[in-house]
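Accompanying notes for the structure given below.
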Amino acid sequence: MNTAYTSELMKLQPTILEFTQKLSAVLQLDAEVVDANLVRIAGTGPYNKFIGKKLNTSSRIFRYIIETKNNKVVVKTRTDPICEGCTTRDSCEETAFLGVPIILNESCIGVISLVAFNQKSRELIRNNTQLFLDYIQHISQIFVIKVSESKKSNSGLDDVFSSLINNMDQGVLVLDDCNRVLHGNAPALANLNITQTELTNIEINIQPLLVHDNKLKGPEQHIITLGKRQELVVGQFHVIKSQQLFLMSYYQPHNSISQDDTSVNLFKDIIGESSQMLQLKTLIARIAKSPSSILIDGESGTGKEVFAKAIHAHSDRNKQSFIAINCAAIPEQLLESELFGYVKGAFTGALTKGRVGLIQAANNGTLFLDEIGDMSMTLQSKLLRVLEEREVMPIGSNSPVPVNIRIISATNRNFKEMIAQNDFREDLYYRLNVIPMHLPALRERKGDIEHLVYHFLERHSHAIGAYYPGITETVINSLNAYHWPGNIRELSNLIEYLVNIVPVGDQIDVDLLPPYFDNRVEVSDTKTRVKDDHLNLEEIEKINIEECISRLGNRKLVAKELGIGVATLYRKIKKYQLS
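If you count by our numbering, then the sequence shown holds residues -17 to 561, one letter each, in order.
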């Protein structure tokens, strides 16, 4: 055993540590480097805690590689002959091992190894043994050159790392800590249909298709934006110090997507960036092109028709009709003729030419049935037949008409209770509820109220031809604290009301809010905080204005500290009869 070059390995320990982390990330296995004295130079996973220490157990396999200068692969730990006599064999957690000697001048100066700790990683080593051996041997050769040249900079290992990436069959992108793409290997460039020059000269963004709170393990779908083009790519991020690796899976869907297919920027009319809204946008992106029925449930006013229109707009049916009907707003006898239509002379009062029903009018398009829970059992039976037979029978006709429609239905009622009480057909429910979609109440959408406020301010200001008013932070806080029983519809109506009554040039302030906004809230300024369960919003506001006037004595300063306009301050002084 020759340990003359051990010190050379230790001199390169910082770069070896970084290199080992990168190697582990690229191959998705734990990696370890030891020198000829069995001192651990670098390690990932459970070995990360014992860097710089000499191996005291599980060293038989390393001694074998150092002494024989041969590669060693073990895919059946505990039963492999080399494990015989090992004091930790019975408690060993390793499921597979692959080790390659670092040979310099015919002497082994250390070992680079890959280790598996579960069956999935074990199969990865077993199925790619020769590929991994080639990688590690190539690395060890370049690594030896750098050791012999005694280079202490990172450039040598950067060369090793680049060489490793460029020789991989798997697509890899290298990004810096600012998410700029620095490099892509040949498979990555081929997957993205781009050259290296283009890759470094255009703006690139990578984001997961499915937005989630917890970090998922393993590859998942990502949207890679390359300038104005987007690609759907399956891959996984690995963060290593100041760089990120994006490892593409071997299987790629190979389908470009347009801007309209992304889950984040898809829907201009679906306002909100809360986790619930992002997940719903992602869901719509995935199901829009499906012909399957969708049942949207949620409280009244949560925007069920807006979501139905968004699904239709991004489906393959978007050039055909979107027909919406409120089942609760039309009497049963009229609803039947509206849905199914009728022929000439079908009943007294019928039009002489008959009438095409909405189901037939929605042929090749989308039929949206709002408040479907209010449909009678008789009509439910007829609707079920339409879904099963894909044909509609107009009233008074003996000839069915084939139809190709997608039905999106919506309700704010509890179907389980209705089915139990025989108020709704269970078989129809399962036909309608192929893809369920739940819309959260506005009070549950953390952070979305402010987005919606500014959206409705712009919409209603434009609609009535008014100037776009500002809105104070106090009002935003009050709206956030409100429970919104009418959900988005109530918020839209309130903003429309406020846009109509706010004086020209003024901000919308709390004195313009309806009386039912006398919530018990907490109002603060830079000096004082007033919180009293017995005071309503106006009383708290009056106390704060009075305190500011007394303290500052200058109304411009008072308005500035309260965050309102001077005109608004004068109006409030008059309202509260303050001196």
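Where is the CB? At the ideal position from N, CA and C, for every residue including glycine. Please read all numbers here as calculations on a predicted model, not as lab measurements.
**OP:** Please state if the CB of Ile278 and the CB of Met400 are separated by a distance shorter than 8 angstroms.
**Re:** no
Original post:
With 16 other CB atoms within 10 Å as the buried threshold, where does Asn247 fall?
Top reply: Annotation note: pLDDT 47 at Asn247 (below 50); position unreliable, no value reported.
Original post:
Closest to Thr26 by CA distance: which of Glu0, Arg42, Ile43 is it?
Top reply: Glu0
**OP:** Could you please give me the residues that DSSP links to Phe44 through a beta bridge?
**Re:** Partner(s): none; Phe44 has no beta bridge.
Original post:
Out of curiosity, what's the CA-to-CA distance linking Asn404 and Leu369?
Top reply: 20 angstroms
Original post:
Secondary structure at Lys562, three-state DSSP: helix, strand or coil?
Top reply: No information on residue 562 is available, as it lies outside the stretch -17 to 561 that the chain covers here.
**OP:** Could you check what DSSP says for Asp356 in three-state terms: helix, strand or coil?
**Re:** The answer is helix: DSSP assigns Asp356 an H, G or I state.
Original post:
Straight-line CA distance for Glu373 to Gln261?
Top reply: 34 angstroms
Original post:
For Val481 versus Ser443, is the C-beta distance shorter than 8 angstroms?
Top reply: yes
**OP:** Work out the CA separation of Gly217 and Asn110 for me, nearest whole Å.
**Re:** 19 angstroms
**OP:** Can you give me the Cβ contacts of Thr207 inside the same chain, cut-off strictly under 7 angstroms, excluding the 5 residues immediately before and after it?
**Re:** A distance below 7 angstroms between beta-carbons, with the five flanking residues on each side excluded, links Thr207 to the following residues of its chain, in chain order: Ile186, Asn187.
Original post:
Which term fits Leu565, buried or exposed, when burial requires 16 or more other beta carbons within 10 angstroms of its beta carbon?
Top reply: The structure shown does not extend to residue 565, since the chain is modelled only from -17 to 561, so the question has no answer here.
Original post:
Touch check for the segment 313 to 322 and the segment 455 to 471: three-plus C-beta pairs under 8 angstroms?
Top reply: no
Subject >> In chain order, each alpha helix (DSSP H) run of at least 4 residues that lies wholly inside the segment 364 to 411 >> reply: 397 to 402
**OP:** Note down the Cα distance separating Gly547 from Ile490, rounded to an integer number of angstroms.
**Re:** If I take the Cα positions, the gap works out to 10 angstroms.
Original post:
So, is Ser506 buried or exposed, given that buried needs 16 or more other C-beta atoms within 10 angstroms?
Top reply: With a pLDDT of 39 at Ser506, under the threshold of 50, the modelled position of that residue is not reliable, and the figure given next carries that caveat. Under this definition Ser506 is an exposed residue.
**OP:** With a floor of 3 residues, list each beta strand (DSSP E) that falls wholly inside the segment 51 to 130, ordered by position along the chain.
**Re:** Within the segment 51 to 130, the complete beta strand (DSSP E) runs of at least 3 residues are 54 to 56, 78 to 86, 89 to 98.
Original post:
Can you tell me whether Arg162 is buried or exposed, with buried defined as 16 or more other CB within 10 angstroms of its CB?
Top reply: exposed
**OP:** Using a Cβ cut-off of 8 angstroms (strictly closer), state whether Ile401 contacts chain D.
**Re:** The chain labelled as chain D is not found in the depicted structure, where only one protein chain is given.
Original post:
Any idea what DSSP makes of Ser137, helix, strand or coil?
Top reply: Only weak support exists for where Ser137 lies, its pLDDT of 45 falling under 50; the value from the coordinates is given anyway. Ser137 falls in the helix class under three-state DSSP.
Subject >> Residues near Val82 in its chain [Cβ-Cβ closer than 6 angstroms; skip 5 each side] >> reply: Asn53, Ile94, Ile118, Gln119, Ser122
**OP:** Provide the residue span of the alpha helix (DSSP H) that contains Arg441, from first to last.
**Re:** 430 to 446
Subject >> Limits of the beta strand (DSSP E) - the one that His296 falls within >> reply: That residue, His296, is in no beta strand (DSSP E); it is neither H nor E in DSSP.
Original post:
How long is the line joining the alpha carbons of Ala344 and Ser303, rounded to whole angstroms?
Top reply: Near 5 angstroms, if we compare the C-alpha coordinates of Ser303 and Ala344.
**OP:** Indicate the three-state DSSP secondary structure (helix, strand or coil) for Thr456 in the structure shown.
**Re:** helix
Original post:
In three-state DSSP terms, what is Gly166?
Top reply: Of the three classes helix, strand and coil, the one that applies to Gly166 here is strand, per DSSP.
Subject >> Boundaries (first-last residue) of the alpha helix (DSSP H) holding Val481 >> reply: 469 to 483
Subject >> Where Ser474 falls, given that 16 or more other Cβ within 10 Å makes a residue buried >> reply: buried
**OP:** Evaluate the contact criterion for the segment 349 to 365 versus the segment 384 to 394: three or more CB pairs, one atom per stretch, below 8 angstroms.
**Re:** yes
**OP:** Could you give the DSSP three-state label for Arg427: helix, strand or coil?
**Re:** Reduced to three states, the DSSP call for Arg427 is coil.
Subject >> Where Gln559 falls: helix, strand or coil (DSSP) >> reply: In this structure, Gln559 counts as coil in the three-state DSSP scheme.
**OP:** Would you kindly work out how many angstroms separate the C-alpha atoms of Glu49 and Ser89, rounded to a whole number?
**Re:** Between Glu49 and Ser89, the C-alpha separation is close to 9 angstroms.
Original post:
Over what stretch of residues does the beta strand (DSSP E) that includes Ile305 continue unbroken?
Top reply: 304 to 308
**OP:** Count the other CB atoms, across all protein chains shown, that sit within 10 Å of the CB of Gly476; report buried if there are 16 or more and exposed otherwise.
**Re:** It should be pointed out that residue 476 corresponds to Leu in this sequence rather than to Gly. Buried: at least 16 other Cβ atoms inside 10 Å.
Original post:
Touching or not, the segment 251 to 260 and the segment 163 to 182, by the rule of three or more beta carbon pairs under 8 angstroms?
Top reply: no
Subject >> Beta-carbon separation (whole angstroms), Leu560 vs Glu528, contact threshold 8 angstroms >> reply: The pair is a contact, with the Cβ atoms about 6 angstroms apart (cut-off 8 angstroms).
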